[in-house]
Amino acid sequence: MMATLTIKKSMIALGISMALSSAAMANSVVLTQTGDDNLATLTQIGVGLSIAASQIGVENDLESTQAGVGSSLIALQDGYQNEALTWQQGDGNSLELTQLGTGGNFIDYYLEGNDSYAQMYQSGANDIVVRSYGDYNGIISDQFGDDNSISLMVDGDGNDVGALQSGNDNLSQLDINGADDSYIYTSQSGQSNEIYVDIYARNSGAISTDNDVFVAQDGNDNLTDIALRGDGNYVRSEQFGSDNTMTLTQPAHFGTNVGSLQQGNNNTLSVHVGGPQNGLGSHQWGDDNTAEVRFTDRRNYYGEIEQFGELNSLNLLVSNQYNSFNLGQYGDNNLISGIGGGAFEMGGDGGYASLVQVGSMNLIQASQMSDASSMSVVQNGTMNSAIIIQQ
228 MMATLTIKKS MIALGISMAL SSAAMANSVV LTQTGDDNLA TLTQIGVGLS
278 IAASQIGVEN DLESTQAGVG SSLIALQDGY QNEALTWQQG DGNSLELTQL
328 GTGGNFIDYY LEGNDSYAQM YQSGANDIVV RSYGDYNGII SDQFGDDNSI
378 SLMVDGDGND VGALQSGNDN LSQLDINGAD DSYIYTSQSG QSNEIYVDIY
428 ARNSGAISTD NDVFVAQDGN DNLTDIALRG DGNYVRSEQF GSDNTMTLTQ
478 PAHFGTNVGS LQQGNNNTLS VHVGGPQNGL GSHQWGDDNT AEVRFTDRRN
528 YYGEIEQFGE LNSLNLLVSN QYNSFNLGQY GDNNLISGIG GGAFEMGGDG
578 GYASLVQVGS MNLIQASQMS DASSMSVVQN GTMNSAIIIQ Q
């Protein structure tokens, strides 16, 4: 059985409200509204249901509810200050929602189920809020313009989550709750953008493990802030431009690998990792860059931090046993030292540090306060200085 309804409102009418409910199988709804201040409320319960909706105008509202399996919603809102409130429950559902206009549009998407797919696109200055509960879902949010925001909260395993923004002064917030084997991707191009990624544990105490996180920013004065709580996660961050900041914090847990690339001038990297058996690879290209790295647990088997350019500083604090780090600076007037100044500290027995500076007028200040530890220092150039303390 198939039921199809099409409604079109004239431009001079004040508004129309419609409520549809279907409880059969393979039902479909087609909605068209043209004009301003319209409301469409759609409810479907069953299997293989579909909604195709179009609203052209200003201050229109689309409210849709689908409960069942294998349902789909395809919707377009063209105008400004429009709202789409969508709710899907069940497995194998899909959503394609587009909002066009100068701004003020809002998407609120709630998903409860598995193996579903959602794609949202906005142009202008708009907001997207997503709450997803389930496994193996795919969610992509795409915004083009300035002063946009994306807020994604995802609970479940094996999910693919993407947030894409092009423009200035945009915000992307991804909260991943107790997830395993998920892929989290977010990118921004433009100026003065911010990305926050928080991977945390469920209320039950279950941690997030074996997730892949990729963050990319292209532009100036951008911020990336990543917080990890879980084991075996992989993080890759890339920033292209100047005056950018990347911060990563992992208070505990083990087996995380972090890769960071910054290309430009006056960029800042701040990494604080707790827990054993973690790794870091960091590369900064440009001048006046700063890398500040803290590792506070044992057996962090791989740390490689390199800077290419002039007037760069690399600040390090490593505590606990059997940690290994390779530090390299290539250029003039660079500094390897401790956080807050003075010599960097590498504590704990069985540690190893390799320090390389190629260029002129560089300085190393380092200390090892432990047993059975070693340090290799190479400086190639003129007017370089190295102050090393071992005790």
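The sequence shown maps to residues 228 to 618 in the working numbering. Just so it is clear, CB atoms sit at the ideal spot from N, CA and C, and this is done for glycine as well.
For this session: Thinking A302 and L289 are a contact (beta carbons under 8 Å), I'd like their distance in whole angstroms, please.
Result: 6 Å
For this session: Please state whether DSSP places F441 in a helix, a strand or coil.
Result: strand
Exercise. Closest to Y507 by CA distance: which of L496, Q489 and G530 is it?
Worked result: Per the sequence shown, the amino acid found at residue 507 is Leu instead of Tyr. Nearest C-alpha to L507: G530.
Exercise. In the DSSP assignment, what residue or residues form a beta bridge with G295?
Worked result: G273
For this session: Alpha carbon to alpha carbon, how far is A518 from G491? Give it in angstroms, no decimals.
Result: 13 Å
For this session: Would you give the residue range spanned by the beta strand (DSSP E) that D392 belongs to?
Result: The question names Asp, but residue 392 is Gln in the sequence shown. It spans D387 to S393 - the beta strand (DSSP E) in which Q392 sits, taken as one unbroken run.
For this session: Would you check if the distance between the CB atom of Q418 and the CB atom of Q392 is smaller than 8 Å?
Result: no
For this session: List the whole-angstrom C-beta distance separating V498 from R521, where the pair is believed to meet the contact cut-off of C-beta under 8 Å.
Result: 7 Å
Problem set entry | Alpha-carbon spacing of I453 relative to Q489, whole angstroms | 15 Å
Exercise. Rounded to the nearest angstrom, how far is the Cβ of N438 from that of N404, given a contact under 8 Å?
Worked result: The Cβ separation is near 11 Å, so there is no contact.
Exercise. Mind checking whether Q346 and I334 have CB atoms under 8 Å apart?
Worked result: no
Problem set entry | Environment of S603 [buried if 16+ CB atoms lie within 10 Å] | exposed
Exercise. From which residue to which residue does the beta strand (DSSP E) around M473 run?
Worked result: T472 to Q477
Exercise. Could you give the C-beta distance for T436 and V442, rounded to a whole number, given that I count them as a contact under 8 Å?
Worked result: Not really, about 19 Å apart at Cβ, beyond 8 Å.
Exercise. Secondary structure at E537, three-state DSSP: helix, strand or coil?
Worked result: coil
Problem set entry | Assigned secondary structure, A352 (DSSP; H/G/I helix, E/B strand, else coil) | strand
Exercise. So, helix, strand or coil for I434, using DSSP?
Worked result: coil
Exercise. What are the uninterrupted segments assigned as beta strand (DSSP E) that are 3 or more residues long and contained completely in the segment 445-473, given in chain order?
Worked result: 450-455 and 461-467
Exercise. Quick one: what does DSSP say H499 is sitting in, helix, strand or coil?
Worked result: strand
Exercise. What's the call for A267, buried or exposed, on a 16-neighbour Cβ count within 10 Å?
Worked result: buried
Problem set entry | Whole-angstrom C-beta distance between V274 and V296, which should lie under 8 Å | 5 Å
For this session: Output the boundary residues of the beta strand (DSSP E) element that contains F333.
Result: G330 to E339
Problem set entry | Assigned exposure category for Q606 - 16 Cβ within 10 Å defines buried | buried
Problem set entry | Cα-Cα separation between S509 and F571, rounded to whole angstroms | 18 Å
Problem set entry | Entirely enclosed beta strand (DSSP E) segments - the segment 361-421, minimum 3 residues | 365-371, 376-382, 387-393, 398-404 and 410-416
For this session: Report yes if the CB atom of Y174 is closer than 8 Å to the CB atom of N332, and no otherwise.
Result: As shown, the chain starts at 228 and ends at 618. That puts residue 174 outside it, with no answer to give.
Exercise. Distance, Cα to Cα, L269 vs F481?
Worked result: 47 Å
Exercise. Just reading off the beta strand (DSSP E) that N484 is part of, what are its end residues?
Worked result: N484 to Q490
Exercise. Roughly how many whole angstroms lie between the Cα atoms of A352 and E533?
Worked result: 38 Å
For this session: Could you tell me which residues DSSP puts in a beta bridge with I563?
Result: L541 and I591
Problem set entry | Burial state of M473 (16 or more Cβ within 10 Å) | buried
Exercise. Just curious, the beta strand (DSSP E) that S509 is in, first and last residue?
Worked result: G506 to W512
Exercise. Does DSSP put M610 in a helix, in a strand, or in coil?
Worked result: coil
Exercise. Is the beta carbon of Y298 less than 8 Å from the beta carbon of W314?
Worked result: According to the sequence displayed, residue 298 carries Ser and not Tyr. Result no, Cβ atoms of S298 and W314 do not sit closer than 8 Å.
Exercise. Is S248 helix, strand or coil when you go by DSSP?
Worked result: Its pLDDT being 40, under 50, S248 is placed unreliably in this model, and the coordinates cannot settle the point.
For this session: Tell me where the beta strand (DSSP E) around S321 begins and ends.
Result: S321 to L327
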